[in-house]
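Undergrad:
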């Protein structure tokens, strides 16, 4: 019997038959995330569990057969973290999609990992509550995947990232305990320091330490008003960088502070003909969500910062439709670039003051490789997403893009930054991680992996290689 | 040669002589924290290092001689975490007290571990910046100690705890690398998810994983105005608990929300004769730090919440002196209780909605042991500090207090809470930790300790026992 047949039959022996997927087409569809450029292995089987106990059974089977287990949510990742490995079991957690408890009095919510981010937001809204993290994938990505990559988004400049909201979780683990043991780590309380921060270890661990089967999140009160938008067009990267610095220096923390470069604007304009300023080099978009007069004041101060930095045009939007249309431009950048070719999404983060230097480095790298790069950035966080575009099927261009991708990582490291702000390491950034972190720090990372997963079955080879 | 002489002489061989302390009186003074009830061992030597390199030397000596290393800052801890162990080297990091860099453009600051919390606040204020965590010990406790215990304070209800501000750190470690290796973990950027969250592991680890020698902190813009104060007196714990619930339900996040029970008020009144309402059972104190009209509005809404819950008296203070006097009452609780006897400080955290039930449990436990317990609480976080007071030298009362201490931990666990919100486990809460966490979770905690410190020299026996 082949390993593939053995995995599927052992899983069928333990689980209801309909949980197990071995149809090659279905299995193939659940074998890759959205990082078009990363390697996808051939899975032995897929499982769609309906409970934490079934997840535990799958972990036991994988441990027994010594085969890799690759957990996934909606597969919206951009680093290959959820890609299948040869001979693995793909564990699709999107079927565990229940909101288990909304505790308004405690300002917490308990969810299964497969709950979609925007679905959670909708459920909470009906209780007057709000879960802030808002990755671009929020309409389809799951909380489990958000936790696994410590997902960010637009509003983290003011409200923090996924890590800041995870209080506790249940995970099926191995290592110091028997493989297939479900443990509850963390807490339900606002504060706590009882033992090591195991929750923090799981957040951003990309499925390499165990399988998350339940998450307890901190939530906030719903925002009273829709955010209003402040916009600024600039004729140079330097001027836009100066505007961001002026916002910081003024002590303003907007609810979003996004940057789109000329290539982004051009791509959206060519597609949608919104009438965006064709001469602008950079667009800054800010969200203000303070209520009433305080919001008016903050919006006015943002306009002042933009103007003082030399904006060619700046204003606070006065109606929702106008504001929404401007942020729509931002959301359209990725699809607009995909119309032009295959898109390789970067995700680097630099100290705030290094944003202009990083943008200049990206321009330089793009020019050197004759590669169109459009950069969209969470400017207030120093988190940049250069999008590298190549004609589909052009292998020379693809090779140039991969070279540029690595050079952008090096430039970020050189500027005191990191190779990933919110997408994770997955497969695509393993070499970059080895350049960012010292051999000693990597030795510690490997020791942690070995302590949690001595059989090396939890998403092996991802992140650390 | 005794182990004691051997440690001191080996340290002198490696370090400038004046760094090494072996005078018994001086050594004794640096051998205990402020937890009067925990065991203090007899140290072999003390060291006051002047650099990270000297810390590394001390770690190497301890690894070579297999003797415990106990790091300490100002010794303001309340759980025995910094208490000397027999034959240990006490490493006093308060001598590493420089602010190394203030990066206003990046909103970060780099400090040595011995910088005092309030000194850092003062330095930052001159740059228009602010580091929020404000433990009661802020006038003397160090950032290194704050990081080691994940210290909280009053303003965490709005601004988060130490963990939320630590971006990166340097630590001298052992385990997967040679003992005495300095590693830099974490980042300087606002966001990042490159590898496991090693920073999060160190925060709250109470010196058991290595010695922190440098910390990179996120900072905020200075608050424009001094916070104003809203006060409410209540005739029952239930009414005060209802007031806190109403604040939560209204979506208000004050900059502090503190609770003092009757025993606190009585102790301060007996000492200072402020004219506090002698009939009140509970005082709630809130800080509002929104500027201008928004602050007026929030203060008015807090008064409404307090009134709706049946406050016997409630008002927003109109001048700074009055507001300051009310918060001064809070600060005086601990010294007022110490005038009455030996104080055993508790630190439990429960889900917000369980605060009234927890207060009732504390009353019940105090009555059962005929023990005066005064409770001060960060009510907005569900973090309570019952202060157990016994006549000095009364060993029967001390035994009763220790029994009550454990029963309070059990009551917190029963209500879904944790045995420590912000003080740490140290020596005093090791039994409680074993009751809060499952055997499986404890096995994982021990595996982490073993991976980082196979020789078991970093503050051995603390936290995990």
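Chains as they are written, first to last, in the numbering used here: chain H, 10 to 474; chain E, 10 to 474.
Note that CB positions come from ideal geometry on N, CA and C, so glycine has one too.
What you are looking at is a predicted structure, and each value in this text was computed from that prediction instead of being measured.
Which full runs of the beta strand (DSSP E) of 3+ residues lie inside the stretch 338-374 of chain H, going along the chain?
TA: Taking only runs of at least 3 residues, the beta strand (DSSP E) segments lying wholly in the stretch 338-374 of chain H are 351-354.
Undergrad: Using three-state DSSP, classify residue 290(E) as helix, strand or coil.
TA: On the second chain, residue 290(E) is found 281 positions in, with the first residue counted as 1. In this structure, residue 290(E) counts as coil in the three-state DSSP scheme.
Undergrad: So, are the CB atoms of residue 298(E) and residue 236(E) less than 7 Å apart?
TA: As a working mapping, residue 298(E) is identified with position 289 in the second chain. As a working mapping, residue 236(E) is identified with position 227 in the second chain. Yes. Within cutoff.
Undergrad: Below 8 Å CB to CB, which residues in the same chain sit around residue 455(E) once its five sequence neighbours on both sides are set aside?
TA: Mapped onto the second chain, residue 455(E) falls at position 446. If we look at residue 455(E) and ignore the five residues flanking it on each side, its Cβ neighbours are 473.
Undergrad: Using the C-alpha atoms, what's the distance from residue 328(E) back to residue 247(E)?
TA: Numbered from its first residue, the second chain carries residue 247(E) at position 238. Numbered from its first residue, the second chain carries residue 328(E) at position 319. Cα to Cα, residue 247(E) sits roughly 30 Å from residue 328(E).
Undergrad: Can you look up residue 283(E) in the DSSP assignment and give me helix, strand or coil?
TA: Numbered from 1 along the second chain, position 274 holds the residue referred to as residue 283(E). Reduced to three states, the DSSP call for residue 283(E) is coil.
Undergrad: Does the Cβ of residue 80(H) have 16 or more other Cβ atoms within 10 Å, making it buried, or fewer, making it exposed?
TA: Residue numbering aside, residue 80(H) sits at position 71 when the first chain is read from its first letter. Result: buried.
Undergrad: What separation, rounded to the nearest whole angstrom, lies between the Cα atoms of residue 190(H) and residue 139(E)?
TA: Taking the first chain and counting its residues from 1, one reaches residue 190(H) at position 181. Taking the second chain and counting its residues from 1, one reaches residue 139(E) at position 130. Going from the Cα of residue 190(H) to the Cα of residue 139(E) covers about 44 Å.
Undergrad: Can you tell me where the alpha helix (DSSP H) with residue 211(E) in it begins and where it stops?
TA: The residue you call residue 211(E) lines up with position 202 of the second chain. It spans 207-211 - the alpha helix (DSSP H) in which residue 211(E) sits, taken as one unbroken run.
Undergrad: May I ask you to verify whether the stretch 55-75 of chain H touches the stretch 215-225 of chain H, counting CB pairs closer than 8 Å and requiring at least 3?
TA: Result yes; three or more Cβ-Cβ pairs closer than 8 Å.
Undergrad: Alpha carbon to alpha carbon, how far is residue 151(E) from residue 126(H)? Give it in angstroms, no decimals.
TA: Translated into positions along the first chain, residue 126(H) becomes position 117. Translated into positions along the second chain, residue 151(E) becomes position 142. So the alpha carbons of these two residues sit roughly 39 Å apart.
Undergrad: Nearest chain E C-beta to residue 214(H) closer than 7 Å, yes or no?
TA: Sequence index remark: in the first chain, residue 214(H) carries index 205 (1-based). At least one chain E Cβ lies under 7 Å of residue 214(H).
Undergrad: In this structure, what does DSSP give as the bridge partners for residue 98(E)?
TA: Indexing the second chain from 1 puts residue 98(E) at position 89. According to DSSP, which records beta bridges pairwise, residue 98(E) is partnered with 54(E), 78(E).
Undergrad: Terminal residues of the continuous beta strand (DSSP E) containing residue 394(H)?
TA: By 1-based counting over the first chain, the position of residue 394(H) is 385. 392-399 is the extent of the beta strand (DSSP E) around residue 394(H).
Undergrad: Evaluate residue 281(H) with the Cβ neighbour count: other Cβ atoms within 10 Å of its Cβ, from every protein chain shown; 16 or more gives buried, anything less gives exposed.
TA: Counted from its first residue, the first chain places residue 281(H) at position 272. Exposed is the call here.
Undergrad: Run through the stretch 119-164 of chain E for me and flag every whole beta strand (DSSP E) of 3 or more residues, listed as ranges in chain order.
TA: Counting whole runs of 3 or more residues, the stretch 119-164 of chain E contains no beta strand (DSSP E) stretch at all.
Undergrad: Whole angstroms are fine: how far does the CA of residue 111(H) sit from the CA of residue 388(E)?
TA: The residue you call residue 388(E) lines up with position 379 of the second chain. The residue you call residue 111(H) lines up with position 102 of the first chain. If you take the alpha carbons of residue 388(E) and residue 111(H), they lie about 21 Å apart.
Undergrad: Based on the DSSP secondary-structure assignment, which residues constitute the bridge partners of residue 237(E)?
TA: Residue mapping note: residue 237(E) aligns to position 228 of the second chain, counting from 1. 297(E), per the DSSP bridge assignment.
Undergrad: Given that residue 447(H) touches chain E, what residues does it touch there, using C-beta distances under 8 Å?
TA: Here residue 447(H) is taken as the residue at index 438 of the first chain, counted from 1. In chain order: 192, 193.
Undergrad: Between residue 140(E) and chain H, is any beta-carbon pair separated by less than 7 Å?
TA: Here the question's residue 140(E) lines up with position 131 in the second chain. No, residue 140(E) lies away from the interface with chain H (no Cβ there is under 7 Å from its Cβ).
Undergrad: Do the CB positions of residue 382(H) and residue 397(H) come within less than 7 Å of each other?
TA: Sequence index remark: in the first chain, residue 382(H) carries index 373 (1-based). Sequence index remark: in the first chain, residue 397(H) carries index 388 (1-based). Yes, the Cβ-Cβ distance between residue 382(H) and residue 397(H) is below 7 Å.
Undergrad: Spatial neighbours of residue 10(H) within its chain, please: C-beta separation below 6 Å, excluding the five flanking residues on both sides.
TA: Here residue 10(H) refers to the residue found at position 1 when the first chain is read from its first residue. For residue 10(H), the predicted model reports a pLDDT of 48, less than 50, meaning its position is unreliable and no value from the coordinates is stated.
Undergrad: When burial is assigned at 16 or more other CB atoms within 10 Å of the CB, is residue 25(H) buried or exposed?
TA: As a first step, residue 25(H) must be located in the first chain, where it is residue number 16. Under this definition residue 25(H) is an exposed residue.
Undergrad: Measure how close the beta-carbons of residue 156(E) and residue 132(E) come, nearest whole angstrom, since I'm counting them as under 8 Å.
TA: Your numbering for residue 156(E) matches position 147 in the second chain. Your numbering for residue 132(E) matches position 123 in the second chain. Wrong, their Cβ atoms sit about 17 Å apart, outside the cutoff.
Undergrad: State the start and end residues of the unbroken beta strand (DSSP E) segment that holds residue 224(H).
TA: Your numbering for residue 224(H) matches position 215 in the first chain. 220-227 is the extent of the beta strand (DSSP E) around residue 224(H).
Undergrad: So what does residue 269(E) bridge to, in DSSP terms?
TA: Here residue 269(E) refers to the residue found at position 260 when the second chain is read from its first residue. Answer by DSSP bridge pairing, in chain order: 292(E), 385(E).
Undergrad: At least one CB of chain H closer than 7 Å to the CB of residue 230(E): is that the case?
TA: Along the second chain, one-based indexing puts residue 230(E) at 221. Chain H, which has a Cβ nearer than 7 Å to the Cβ of residue 230(E), makes this yes.
Undergrad: DSSP three-state call for residue 331(E): helix, strand or coil?
TA: What you label residue 331(E) is simply residue 322 of the second chain in a count that begins at 1. In the structure shown, residue 331(E) sits in a helix (DSSP, three-state: H, G or I).
Undergrad: Tell me which residue opens and which closes the alpha helix (DSSP H) that residue 179(H) is part of.
TA: Looking up residue 179(H) in the first chain gives position 170. Unbroken run through residue 179(H) is the beta strand (DSSP E), 175-182; no alpha helix (DSSP H).
Undergrad: Does the Cβ-Cβ distance between residue 208(H) and residue 216(H) come in under 7 Å?
TA: Residue numbering aside, residue 208(H) sits at position 199 when the first chain is read from its first letter. Residue numbering aside, residue 216(H) sits at position 207 when the first chain is read from its first letter. Not in contact: residue 208(H) and residue 216(H) (Cβ atoms no closer than 7 Å).
Undergrad: So, with DSSP's three-state summary, where would you put residue 442(E)?
TA: Numbered from its first residue, the second chain carries residue 442(E) at position 433. Note: residue 442(E) maps to helix in three-state DSSP.
Undergrad: Any beta carbon from chain H within less than 7 Å of residue 435(E)'s own beta carbon?
TA: Taking the first residue of the second chain as position 1, residue 435(E) is located at position 426. Not an interface residue.
Undergrad: Could you please give the first and the last residue of the uninterrupted alpha helix (DSSP H) stretch that includes residue 109(E)?
TA: For the purposes of this step, residue 109(E) is taken as residue 100 along the second chain, with counting starting at 1. Segment 108-112 is the beta strand (DSSP E) holding residue 109(E); no alpha helix (DSSP H) there.
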